[in-house]
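S.K.: One structure is given below, represented as structure tokens, and several questions about it will come after.
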Amino acid sequence: MRLKWVGEGLPPETRVVMDKVLEMGFTAEDLNCFVHNSVFRDYSKSFIRPQELDKFWSIFKQMELVGSFKGFEAVTMSRPSVVKVNIILENESIPPSA
Numbered sequence: 613m614r615l616k617w618v619g620e621g622l623p624p625e626t627r628v629v630m631d632k633v634l635e636m637g638f639t640a641e642d643l644n645c646f647v648h649n650s651v652f653r654d655y656s657k658s659f660i661r662p663q664e665l666d667k668f669w670s671i672f673k674q675m676e677l678v679g680s681f682k683g684f685e686a687v688t689m690s691r692p693s694v695v696k697v698n699i700i701l702e703n704e705s706i707p708p709s710a
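Start counting the sequence shown at 613; every next residue gets the next number (the numbering used here).
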């Protein structure tokens, strides 16, 4: 998921945003990555478990109501899911691996 800075002025420093995430009850072990892209003024986060993303949305909505995330817009990047993939081969005879 991504937090995009849409507020006035420069976006907050990475540490400020990370502190907000920690205030939500998350730890470094919950995050796969945390990236601040200063060019696009956003902060991308990837959680290790899908449950953590659900927990984030629940807490974010509460904190947004009290103004803790003023100036930020939250954007969902992707959700884990099971998909069916068909692979079409032009040559049906695949040589055995060496």
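The beta carbon of each residue, even a glycine, is placed where N, CA and C say it ideally should be.
With DSSP as the reference, please indicate the residues paired to valine 695 in a beta bridge.
M.R.: By 1-based counting over the sequence shown, the position of residue 695 is 83. Bridge partners of valine 695: none, in fact.
S.K.: If you check the beta carbons only, do phenylalanine 646 and lysine 657 fall under 7 Å apart?
M.R.: As a first step, residue 646 is located in the sequence shown; it is residue number 34 there, counting from the start. As a first step, residue 657 is located in the sequence shown; it is residue number 45 there, counting from the start. It is a contact, given that the beta carbons lie within the stated cut-off.
S.K.: Thinking just about the alpha-carbon of each residue, which of Phe638, Arg653 and Thr639 is nearest to the one in glutamate 685?
M.R.: Within the sequence shown, numbered from 1, the residue matching residue 685 stands at position 73. The candidate whose alpha carbon is nearest that of glutamate 685 is Arg653.
S.K.: Have a look at the DSSP bridge pairing and note the partners of asparagine 644.
M.R.: Counted from its first residue, the sequence shown places residue 644 at position 32. Looking at the DSSP assignment, asparagine 644 forms no beta bridge with any residue, so it has no partner.
S.K.: Let me confirm a value: leucine 582 is counted as buried when at least 16 other C-beta atoms fall within 10 Å, else exposed. Which label applies?
M.R.: This structure cannot settle anything about residue 582, because the visible part of the chain is limited to 613 through 710.
S.K.: Is the beta carbon of glycine 619 closer than 7 Å to that of glycine 683?
M.R.: Taking the first residue of the sequence shown as position 1, residue 683 is located at position 71. Taking the first residue of the sequence shown as position 1, residue 619 is located at position 7. Yes, the Cβ-Cβ distance between glycine 683 and glycine 619 is below 7 Å.
S.K.: Label tryptophan 617 either buried or exposed according to how many other C-beta atoms from any shown protein chain fall within 10 Å of its C-beta, with 16 as the threshold for buried.
M.R.: Residue mapping note: residue 617 aligns to position 5 of the sequence shown, counting from 1. Label assigned to tryptophan 617: buried.
S.K.: What number of angstroms, rounded off, separates the C-alpha of methionine 689 from the C-alpha of lysine 667?
M.R.: As a first step, residue 689 must be located in the sequence shown, where it is residue number 77. As a first step, residue 667 must be located in the sequence shown, where it is residue number 55. Going by the C-alpha atoms only, they are around 16 Å apart.
S.K.: If distances are taken between C-alpha atoms only, which option among Asn649, Pro623, Arg661 and Glu625 comes closest to alanine 640?
M.R.: Numbered from its first residue, the sequence shown carries residue 640 at position 28. Of the candidates Asn649, Pro623, Arg661 and Glu625, the one whose C-alpha sits nearest the C-alpha of alanine 640 is Arg661.
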